[in-house]
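Q: There's a structure below that I have some questions on.
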Amino acid sequence: MPTAVLTDRERTAVQAYLRLLHTVRAAFGGDGSGPAGPAVLPVVPPSVLAEAEAALEGAGLAGNEEEFLRMVGDWHPGR
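Residue numbers are given in the numbering used here: position 40 of the sequence shown equals residue 40, and the series is strictly consecutive.
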């Protein structure tokens with residue numbers, strides 16, 4: 001499979017998406033219970049969500065495209 005070089009905006013979108021993903025995982029904790037227990041849903045800081053949304057929009061992406069998810073997998077394999 002040929003490796004495409006990401007544009008600056010695509011790379012920014014991938015990095016912001018991964019920060020959002022790591023924030024959500026951290027909020028839920030390693031076992032899915034989160035710091036406050038399973039009954040309380042964690043809140044993602046608005047700034048993290050806004051950063052991801054702005055970066056995706058800047059790259060002309062919605063975040064659910066097969067191509068984008070492939071970029072995420074290439075950037076951070078096994079996650």
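Here a beta-carbon is modelled for each residue, glycine too, at the ideal position from N, C-alpha and C. Remember, it's a predicted structure, so these values are computed and weren't measured experimentally.
Please list the terminal residues of the continuous alpha helix (DSSP H) segment that includes His-22.
A: Per DSSP, the continuous alpha helix (DSSP H) segment holding His-22 begins and ends at 8 to 28.
Q: Mapping DSSP to helix, strand and coil, what is Pro-2?
A: For Pro-2, the predicted model reports a pLDDT of 44, less than 50, meaning its position is unreliable; a value from the coordinates is still stated below. DSSP places Pro-2 in the coil class of the three-state scheme, outside both helix and strand.
Q: What residue range is occupied by the uninterrupted alpha helix (DSSP H) comprising Glu-51?
A: Per DSSP, Glu-51 is one residue of the alpha helix (DSSP H) stretching across 46 to 58.
Q: Which same chain residues end up closer than 6 angstroms to Ala-16 when comparing Cβ atoms and leaving out the 5 residues on each side of it in sequence?
A: Glu-51, Ala-52, Ala-55
Q: Hey, would you say Ala-26 sits closer than 8 angstroms to Ala-59, going by beta carbons?
A: Taking a C-beta distance under 8 angstroms as the contact criterion, Ala-26 and Ala-59 do not qualify as a contact pair.
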